[in-house]
Ligand SMILES: [Zn+2]
């Protein structure tokens with residue numbers, strides 16, 4: 064079409080979530096028509112983010128600070144720990160402003176189908192946080208799926224020895240993975256409707 068550079072650009076864009084070949088071509092064309100205004104700043108932002116952003120050692124959130132901005136925030140309630148499947152769920156809860164405590168990102172759920180076992184999840188760091196004390200309640204905001212439920216039960220057994228209150232977000236609320244598409248009111252309701260696990 065217009066040389067290997069354009070083909071490569073479209074090929075890379077088409078791999079992004081929400082993109083296909085058609086939207087990749089549209090995005091590439093839009094950028095190529097204003098390279099200085101659109102492409103150069105984007106390239107710089109991509110490079111900067113790739114170099115600076117890392118998973119937080121404490122909670123698993125993605126941030127250019129260590130610990131992340133949430134873990135470092137003195138205004139957060141450190142006795143309240145919300146366990147989520149992925150960073151996307153954390154972002155959704157933050158956007159909705161419904162959780163005033165800290166988070167812990169598991170990095171997935173147990174899944175026989177996907178071959179995800181306990182060793183693949185960020186659980187050791189979670190237990191270490193409980194070990195160091197100060198946490199009164201762990202909120203499990205995991206998917207209302209079979210894998211989410213399996214993971215919640217499995218976690219409950221591991222959390223029990225620490226004597227903390229463990230709650231689960233409202234059942235029947237489509238949470239986990241799909242958290243991102245929920246409106247803020249639904250998210251807030253889900254978190255308010257948490258009950259003992
Ligand atoms: Zn953190």
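Numbering (the working numbering), first residue to last: 64 to 260.
We put the beta carbon where it would ideally sit given N, CA and C, even for glycine.
Computed from a prediction, not measured in an experiment: that's the story for all the values here.
Option in the options with minimal Cα separation from residue i
i	options	result
residue 150	126, 115, 136 and 130	126
residue 222	191, 247 and 248	191
residue 209	229, 225, 228 and 173	173
residue 175	145, 189, 144 and 211	211
residue 179	189, 195 and 213	213
Bridge-paired residues (DSSP) for residue i
i	result
residue 231	203 and 258
residue 125	118
8 angstroms contact criterion, which residue i and residue j should meet: CB distance rounded
i	j	result
residue 156	residue 124	With 8 angstroms as the limit, residue 156 and residue 124 do not qualify as a contact, their Cβ atoms being about 11 angstroms apart.
residue 267	residue 94	No answer is possible for residue 267: it lies beyond the span of the chain, which begins at 64 and ends at 260.
residue 121	residue 134	5 angstroms
Cutoff 8 angstroms; reference residue i; Cβ partners in own chain excluding five residues on either side
i	result
residue 142	164, 197, 198, 199 and 200
residue 183	170 and 171
residue 185	123, 167, 168, 169 and 170
residue 147	153, 156, 166, 167, 168, 169, 204, 205, 239 and 242
residue 217	173 and 181
6 angstroms Cβ shell around residue i - same chain, five flanking residues per side excluded
i	result
residue 250	159 and 161
residue 73	87, 88 and 91
residue 193	225
residue 130	119 and 121
Spatial neighbours of residue i in its chain, beta-carbon cut-off 7 angstroms, leaving aside the 5 residues before and after
i	result
residue 75	none
residue 215	203, 205, 231 and 260
residue 29	Given that the chain is displayed from residue 64 to residue 260, the structure contains no residue 29 and the question cannot be resolved.
residue 140	163 and 164
residue 83	77
residue 227	193, 198, 199, 200 and 201
residue 128	135
To test your reading of the DSSP string, which unbroken beta strand (DSSP E) runs of 3 or more residues are found completely within the segment 134–187? Qualifying beta strand (DSSP E) stretches, in chain order: 140–147 and 164–168.
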